[in-house]
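What follows is a set of notes on a single structure, which appears directly below.
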Amino acid sequence: MRSFFGAIFVVVAVQARSLPRQASGPATLLTDLSTISQYWGEITPYSDNPEDYFHVVDVGMPSGCQVEQAHLLQRHANRFPTSGADDGGNNERFASKVLNFTKASTSMFTGPLAFLNSYHYEMTESYLTGLGASTEFMAGVTFWNRYGRTLYNASVGQLAYNASFSNSAARPKPVLRTTSHEINWALGFFGPSFEIVPNPNITNASTPFNVVVITEGGTENNTLASYDSCTNDNDAVIGYIGDSDLFSYIPKYLKNATVRIQQYAPENFTFTTNDTYAMQSICAYENGYLGTSDFCYLFTQVEWESFENTLDMQYYFDYAYGNPTGRAQGIGYVQELLARLNNEYITSSNSSVNSTIDDNAAEFPLGQAFYADFSHDDIIISVLTALSLDYFRNPPSLTQVPPDPNRPFILSNLTPFGARLVTEVIGCASADPAPVPAHRTQYYPSQYGYSAANATNKFIRMRLNNGILPLNTIRDGACDGRTDGMCAMGKFIGSQANAYKLANYDFACFGNYTVADPTSGEDYDGTISA
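All the letters of the sequence shown, read from the start, carry residue numbers -16 to -1, 1 to 514 under mature numbering (1 follows the signal peptide of the UniProt record, and there is no 0).
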């Protein structure tokens, strides 16, 4: 997530002395943190989606089939807030407002706000937290268990990757591509901290793999932070349509909460709706850092559902179909995915691809059992958009309170902290394998009739946080016909034949155009034409 400095705050102030103490009426406050934490959008702690979460009917692996290759696009896990005005910037502003008041006044907050009398904001900006590091470690362990064991035909009881073949010859080193944050995942997947033979000093922990660090934060080409090289995505209006929507929505759902909270404030301290919004945000971030927060129990179910909706609309209108650059920001990774599937290098770039990295075996190896790219939440959203996965086409409502609980674009299920998009290449003996309704654990590669020699038919299946994505919703129907989310690889590659053209990369990122009304909810289909 980028920082946002140019947001327009929509502030509703609540004067304590001019409103009745109970003006908002009775409200049932949520006190179950396991429920509350489901509504934190991209700040939500990681948990797997059910395999059928995205309405794929048959979730089992067909007989005679097995995953032969896995492409991972992994988001970092829990971090501190960014400096953005809708994120850490607003949180820090509110915390300073409280601290300045308590230093200068003897008046006291009361009731559920009494903790503010001695509250200090203990967070910095952007860095990974300890809980985030542990989430990334667990993501590496999970990837080994779900993919590594079968990809590398693991021996009985093998806990992690082994850098040697069974004959003791060295395996080719996997290459991990990152902007900065692969090491905790690598410790989980490669396992130096829990080897059968103890390695208490974790010596040579990075020996089994190579790392390509791709610079982030300038204007360089980087598919894992593609907003850097897309000029219009950094425009104060074009790049922040969703942020404007967020601030317009806050008063719609937090006015009553602000009145309710105001009754516990001193008479000369006035809460605004942006203050109340900061309290919700701080709750989520403090839980990702400290594992607890006194801000969490001040809101109703509807208020938490609506908090989620602010983040849904922000990401939909900043990075998905609701932004003219939505496809352009994801097309670079899609090009790299297709290049890997086609076993080809990329020798020249017409997008965010850095062809000086993608044109050689050292930094862009082909034929790996797995690929691991470490990126950000917004990139995952833009990749889904560039793929024309129209399951996510409908936008969040900009006005509805509470939001529709059945809407498809719910960020806490798409890009929570530690989100992961996995593209599976599946080999099958049959060109039309029978779907299997229920999940079944595959303990070894050949358990259900798979044989690498006979698996000449290749399919693509994609998972987002373990939920199988409905590839039959890719626009124009190339992947229609199956109920298990699988698409014949040739058809999947064909489904992306027009992806670059649809992105209109050059004009979307560098063209001279304006957005007349950023809060209109205009349908851009993730692109724009000259």
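Glycine is no exception: its CB is placed at the ideal position from the N, C-alpha and C atoms.
- In the DSSP annotation of this structure, F358 is not part of any alpha helix (DSSP H); the continuous beta strand (DSSP E) holding it starts and ends at F354 to S359.
- In the same chain as N183, and ignoring 5 residues on each side of it, the C-beta atoms closer than 6 Å to its own belong to P176, in chain order.
- Burial state of S80 is exposed, judged by a 10 Å Cβ sphere holding fewer than 16 other Cβ atoms.
- If you compare the alpha carbons of A403, E204 and V40 with that of F358, the shortest gap goes to A403.
- Under the rule that a run must span 4 or more residues, the alpha helix (DSSP H) segments found entirely inside the segment 171 to 259 read 225 to 246.
- In its chain, beyond the 5 residues on either side, N62, R63, F64, G272 and Y273 have a beta carbon closer than 7 Å to the beta carbon of T113.
- R391 and N378 have their C-alpha atoms some 8 Å from each other.
- Relative to I222, the option among A304, Q384 and N129 whose CA is nearest is A304.
- It is roughly 37 Å from the alpha-carbon of V243 to the alpha-carbon of D217.
- With a 10 Å radius around the Cβ and a threshold of 16 neighbouring Cβ atoms, M92 comes out exposed.
- By the 16-neighbour rule on beta-carbons within 10 angstroms, I180 is exposed.
- Taking a contact as a CB-CB distance under 8 Å, the pair F283 and Q264 counts as one, their CB atoms being some 6 Å apart.
- Here C493 carries a helix assignment [DSSP, helix/strand/coil].
- The residues M(-16), E26, R59, T399 and A403, in chain order, have a CB closer than 7 Å to that of D361 in the same chain once the five nearest residues on each side in sequence are set aside.
- Counting along the chain, L395 sits inside the alpha helix (DSSP H) bounded by residues L395 to L398.
- It is roughly 35 Å from the alpha-carbon of T257 to the alpha-carbon of A370.
- Following the DSSP letters along the chain, one finds G411 inside the beta strand (DSSP E) bounded by residues R404 to C412.
- L83: member of the alpha helix (DSSP H) spanning G72 to A88, first to last residue.
- An exposed status is given to T498, since fewer than 16 other beta-carbon atoms sit within 10 Å of its beta-carbon.
- Judged by beta-carbon spacing, S232 lies beyond the 7 Å limit of V385, meaning their Cβ atoms are not closer than that value.
- In the structure shown, the three-state DSSP call for I444 is strand.
- For Q285, same chain residues with a beta-carbon under 6 Å away, outside a window of 5 residues either side, are L14 in chain order.
- Bounds of the alpha helix (DSSP H) holding T126 are G114 to F127.
- Straight-line spacing of the CA atoms in D42 and R466 works out to 9 Å.
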